[in-house]
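J.: Numbers 5 to 469, taken from the numbering used here, label the letters of the sequence shown in order.
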Amino acid sequence: MKIQPVILCGGSGTRLWPLSRTTYPKQLLAPLGGLSLLQQTVKRFMTDHYDIPMIICNEDYRFLVAEQMQAINVTKAKIILEPCARNTAPAMALASFFVEDLNQPLLFCPSDHQIQNFQEFETCIEKAKASVQENNIVIFGIAPTEPKTGFGYIVPASFDDVFDVKQFVEKPDVEKAKQFIAQKAVWNSGMFYAKASVILDQVKKFLPNTHQYCAFAKKEASKDLDFIRVPKDSFEQCDNISIDYGVIEKSACIKGVACHDIGWSDIGNWESVWALSPKDENQNAFIGDVYAKNVTNSYVRSDGVLVSVLGLDNIVVVASGDAILVADKSKSETIKEMTVHLKDKSRSELDHHKRVYRPWGYYQEVEIGDRFKVKRLMVKSESKTSVQVHYHRSEHWVVVSGTASVLQGDDTKLVHENESVYIPAGMIHAVENPGKIDLHLIEVQSGSYLGEDDIVRIKDIYGRT
Numbered sequence: 005m006k007i008q009p010v011i012l013c014g015g016s017g018t019r020l021w022p023l024s025r026t027t028y029p030k031q032l033l034a035p036l037g038g039l040s041l042l043q044q045t046v047k048r049f050m051t052d053h054y055d056i057p058m059i060i061c062n063e064d065y066r067f068l069v070a071e072q073m074q075a076i077n078v079t080k081a082k083i084i085l086e087p088c089a090r091n092t093a094p095a096m097a098l099a100s101f102f103v104e105d106l107n108q109p110l111l112f113c114p115s116d117h118q119i120q121n122f123q124e125f126e127t128c129i130e131k132a133k134a135s136v137q138e139n140n141i142v143i144f145g146i147a148p149t150e151p152k153t154g155f156g157y158i159v160p161a162s163f164d165d166v167f168d169v170k171q172f173v174e175k176p177d178v179e180k181a182k183q184f185i186a187q188k189a190v191w192n193s194g195m196f197y198a199k200a201s202v203i204l205d206q207v208k209k210f211l212p213n214t215h216q217y218c219a220f221a222k223k224e225a226s227k228d229l230d231f232i233r234v235p236k237d238s239f240e241q242c243d244n245i246s247i248d249y250g251v252i253e254k255s256a257c258i259k260g261v262a263c264h265d266i267g268w269s270d271i272g273n274w275e276s277v278w279a280l281s282p283k284d285e286n287q288n289a290f291i292g293d294v295y296a297k298n299v300t301n302s303y304v305r306s307d308g309v310l311v312s313v314l315g316l317d318n319i320v321v322v323a324s325g326d327a328i329l330v331a332d333k334s335k336s337e338t339i340k341e342m343t344v345h346l347k348d349k350s351r352s353e354l355d356h357h358k359r360v361y362r363p364w365g366y367y368q369e370v371e372i373g374d375r376f377k378v379k380r381l382m383v384k385s386e387s388k389t390s391v392q393v394h395y396h397r398s399e400h401w402v403v404v405s406g407t408a409s410v411l412q413g414d415d416t417k418l419v420h421e422n423e424s425v426y427i428p429a430g431m432i433h434a435v436e437n438p439g440k441i442d443l444h445l446i447e448v449q450s451g452s453y454l455g456e457d458d459i460v461r462i463k464d465i466y467g468r469t
């Protein structure tokens, strides 16, 4: 029987701010270039040993996830949408309910981790196979390279290939971490391997409320385009708890496997991004438009503006379109504390970039002033915005490239390059790209209120009404 990979695509990845944002989290990014972390995770399992991966993600990310899957030719992945965040225990239980054969082994993996030597990891999976067949849950541990304080530790009861767990320890200080490493403790990777039936049995035993409401959610699930939706009123009743706290640390059927030399990283901070990035002779990783002199052991990234750095060591500089981070590289683990401050101050830079993605394409803020806002819009081929109305702003659209089919009230007309159209406040409107190339427009908004919540969707092909 093939293994069913289950990709847990939750979390906001605030530790990679300002590159990651609430609306575009770490797993959807490509901090090392090339494919996104989610795409890399899914592609690892595109072999004959595995079924097509199942993805559990927040409904807010559904179109971004689907688009990234299409980009790597994964068209049949089962994408289950969480209507609200409830941590890993409900996510894993819900996934288990959607497996047709409850004896099928499931491999649960976070969507934002790096495994450079997947062949070696498959050796670890093979070691765990017999234990899974004996109705255990196997947790994969990572052999530590240093006494890091940002990981949970698993202390083994023996040095066997598959071991009983003596103790779970949550993020110890450095001295305790050294003691645990001396006991051959391993980092908790957040990867689990078990039959669907065993996951459900253990969730039912320790989190009966979660089991009950996940069962309700599965029964009431519905198909929406390429996604599977579950009702919020059921799923939100689940316990908001990790599988570690809710089940793993209480269960008697837990086994561990230590993974050596698999090249694992959770890419949990900018220091780990630096460690995985190609570096020059001074141990620097420079990405984008960067000028540096007398700089060592540093990570400097620009997604636009020129960044100049002089005479510094062991720093991180990340410049995005609307925010710049400058930090001691060794302290990048604490960036989460700063993002809490940004949240308390309601800073929009925490939530979204200047470029905001939509199922039809994206918009990007260019300029904001008193009673006006300028945006650049891109509408993908054969895509369409919702039929909508704004009550506090009017809009002028200028087509830069491509052809737009514009709905204005009861009329529809084609608007070509260098032509414009005016949408007064209160008019029903939409724009569609009927062409084969991307449609680019400049939108100028004017009015007394320009918030993104001044929108009433009347009709939407993406189910957002």
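Virtual Cβ for every residue (Gly too), placed ideally from N, Cα, C.
For a test of the three-state rule: what should DSSP assign to residue 62, helix, strand or coil?
T.: strand
J.: Straight-line CA distance for residue 452 to residue 388?
T.: In a straight line, the C-alpha of residue 452 is about 27 Å away from that of residue 388.
J.: So, at 7 Å on beta carbons, what are the nonlocal neighbours of residue 200 in its own chain, with the 5 sequence-adjacent residues on each side left out?
T.: Take residue 200, set aside five residues on each side of it, and the residues of its chain with a beta-carbon closer than 7 Å to its own are 100, 103, 106, 108, 110, in chain order.
J.: Note down the Cα distance separating residue 136 from residue 85, rounded to an integer number of angstroms.
T.: 27 Å
J.: For residue 244, which residues from the same chain have a beta carbon less than 6 Å from its beta carbon, with the 5 sequence-adjacent residues on both sides left out?
T.: Closer than 6 Å at the Cβ level, and outside the excluded window around residue 244, lie 90, 91.
J.: With DSSP run on the structure shown, which of helix, strand or coil describes residue 53?
T.: coil
J.: From residue 398 to residue 463, what distance separates their C-alpha atoms?
T.: 20 Å
J.: Please state if the CB of residue 66 and the CB of residue 231 are separated by a distance shorter than 8 Å.
T.: yes
J.: Per DSSP, which one or two residues make a beta bridge with residue 145?
T.: 192, 262
J.: Is DSSP giving residue 48 helix, strand or coil here?
T.: helix
J.: Considering only their Cβ atoms, is the gap separating residue 299 from residue 316 smaller than 8 Å?
T.: yes
J.: For residue 102, name the three-state secondary structure that DSSP assigns.
T.: coil
J.: Among residues of its own chain, excluding the 5 on either side of residue 364, which ones have a beta-carbon nearer than 7 Å to its beta-carbon?
T.: 383, 384, 387, 388, 389
J.: Can you tell me where the alpha helix (DSSP H) with residue 416 in it begins and where it stops?
T.: No alpha helix (DSSP H) holds residue 416; the beta strand (DSSP E) holding it covers 415 to 419.
J.: First and last residue of the beta strand (DSSP E) that includes residue 299?
T.: Segment: none, residue 299 is in no beta strand (DSSP E) and carries neither H nor E.
J.: With which residues is residue 382 paired in a DSSP beta bridge?
T.: 366, 444
J.: Within this structure, are the beta carbons of residue 320 and residue 36 separated by less than 8 Å?
T.: For residue 320 and residue 36, no; Cβs fall outside 8 Å.
J.: Between the segment 352 to 363 and the segment 22 to 32, do three or more beta carbon pairs fall short of 8 Å?
T.: Three or more beta-carbon pairs drawn from the segment 352 to 363 and the segment 22 to 32 are found closer than 8 Å, and the two stretches are therefore classed as touching.
J.: Which residue's Cα is closest to the Cα of residue 238: 119, 217, 8, 284?
T.: Looking at the Cα atoms, 217 is the closest of the given residues.
J.: Once you ignore the five residues that flank residue 310 on each side, which residues in its own chain have a CB closer than 6 Å to its CB?
T.: Result list for residue 310: 293, in chain order.
J.: Are the segment 41 to 51 and the segment 62 to 80 touching, with three or more C-beta to C-beta distances below 8 Å?
T.: yes
J.: Nearest to residue 303 by alpha carbon, out of 295, 288, 313?
T.: Ranking 295, 288, 313 by Cα distance to residue 303 puts 288 first.
J.: Name the two residues that bound the continuous alpha helix (DSSP H) containing residue 212.
T.: That run of the alpha helix (DSSP H) goes 212 to 223.
J.: Are residue 141 and residue 324 closer than 8 Å when you measure CB to CB?
T.: no
J.: Under a three-way DSSP split, which group does residue 13 fall into?
T.: strand
J.: Among 68, 274, 60, whose alpha-carbon lies nearest the alpha-carbon of residue 83?
T.: Checked all of 68, 274, 60; the closest Cα to residue 83 is 60.
J.: Using a Cβ-Cβ cutoff of less than 7 Å, which residues in the same chain neighbour residue 250 once the five nearest sequence positions on both sides are dropped?
T.: Correct list, in chain order: 93, 210, 211, 243.
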